[in-house]
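For reference, the structure discussed in these notes is given below.
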Amino acid sequence: MTETTGLVVRAFRDADEPTVTELWNRVFGYPAARNAADRVIEQKRKVQPELFLVAELAGDVVGTTIAGDDGHRGWVHLVAVSPDHRGRGIGRTLVLDAAARLRERGVPKLNLQVRGDNPGVVAFYESLGFEVEDRISLGLLLGDDG
Ligand SMILES: CC(C)(COP(=O)(O)OP(=O)(O)OC[C@H]1O[C@@H](n2cnc3c(N)ncnc32)[C@H](O)[C@@H]1OP(=O)(O)O)[C@@H](O)C(=O)NCCC(=O)NCCS
175 MTETTGLVVR
185 AFRDADEPTV
195 TELWNRVFGY
205 PAARNAADRV
215 IEQKRKVQPE
225 LFLVAELAGD
235 VVGTTIAGDD
245 GHRGWVHLVA
255 VSPDHRGRGI
265 GRTLVLDAAA
275 RLRERGVPKL
285 NLQVRGDNPG
295 VVAFYESLGF
305 EVEDRISLGL
315 LLGDDG
């Protein structure tokens, strides 16, 4: 893997919103209203905004992740790297940076979910040290678009 010189991981800023929105729409394109970029960004501005991370390269935002913790477990969501910049260690840097920030907060374990239609990405996380665990993932919709 190539390390990308000049890559900076930093907290999201308001000026990043158009680029982040475009990136998520391009990479994920989730149809549910609860996953719309503007809604997610608005929510994350209010809760642990310092764990909304972007990867910046030569002044451009090229990757994201949203991390958070409840004190007992950390989570990462929306790990995305621009298709034009993949395979250069940016995803790795983002996830490991989020893990380091969670560790500094005293969180003992980081979890994440991979959608069943995206199994190829498991190898990416395994290369970072994650292990597939024997768990069943459940969710309960609490909002208005269930
Ligand atoms: C997954 C993703 C974030 C990886 O970003 P990236 O910057 O290309 O990854 P890196 O260059 O840091 O790769 C790190 C390691 O993972 C491996 N890897 C990356 N993507 C992989 C994939 N899809 N399948 C298998 N291995 C992968 C790389 O080969 C590299 O391994 P190495 O260190 O042995 O060379 C990026 O492909 C992406 O945005 N995908 C679409 C969104 C997505 O699926 N996000 C995850 C949701 S759970």
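Sequential numbering of the sequence shown, starting at 175, is according to this note's numbering. Idealized CB from N, CA, C, for every residue including glycine.
Is residue i helix, strand or coil by DSSP?
i              : result
threonine 178  : coil
alanine 241    : strand
glutamate 307  : coil
aspartate 234  : strand
leucine 276    : helix
leucine 268    : helix
asparagine 285 : strand
proline 259    : Here residue 259 is histidine; the residue named in the question, proline, does not match the sequence. Histidine 259: helix per DSSP, three-state reduction.
arginine 200   : helix
glycine 248    : strand
alanine 254    : strand
leucine 315    : coil
leucine 302    : coil
valine 228     : strand
valine 221     : coil
Leaving aside the five residues before and after residue i along the sequence, list all residues of the same chain whose C-beta is less than 8 Å from its C-beta, in chain order.
i             : result
valine 288    : Val295, Val296, Tyr299
serine 311    : Gln287
aspartate 258 : Val236
Just the Cα atoms here: how many angstroms apart are residue i and residue j?
i              : j              : result
aspartate 319  : alanine 207    : 7 Å
glycine 242    : arginine 184   : 15 Å
leucine 315    : arginine 187   : 28 Å
valine 201     : serine 256     : 8 Å
asparagine 209 : isoleucine 215 : 10 Å
glycine 261    : arginine 277   : 26 Å
glycine 245    : glycine 203    : 30 Å
aspartate 212  : proline 205    : 13 Å
aspartate 291  : asparagine 199 : 17 Å
Kindly list the residues whose CB is nearer than 7 Å to the CB of residue i, restricted to its own chain and excluding five residues on each side of it in sequence; keep chain order.
i            : result
leucine 268  : Val183, Leu227, Ala229, Gly237, Thr239, Val253
arginine 279 : Asp243
Looking only at its own chain, which residues have a Cβ that is under 6 Å from the Cβ of residue i, when we skip the five neighbours before and after it?
i             : result
arginine 247  : Lys283, Asn285
threonine 193 : Val235
glycine 233   : none
valine 250    : Thr239, Ala241, Ala272, Leu286
With residue i and residue j assumed to form a contact (beta carbons below 8 Å), what rounded beta-carbon distance in angstroms separates them?
i              : j             : result
isoleucine 264 : leucine 181   : 6 Å
leucine 225    : threonine 178 : Not confirmed; about 22 Å, so no contact.
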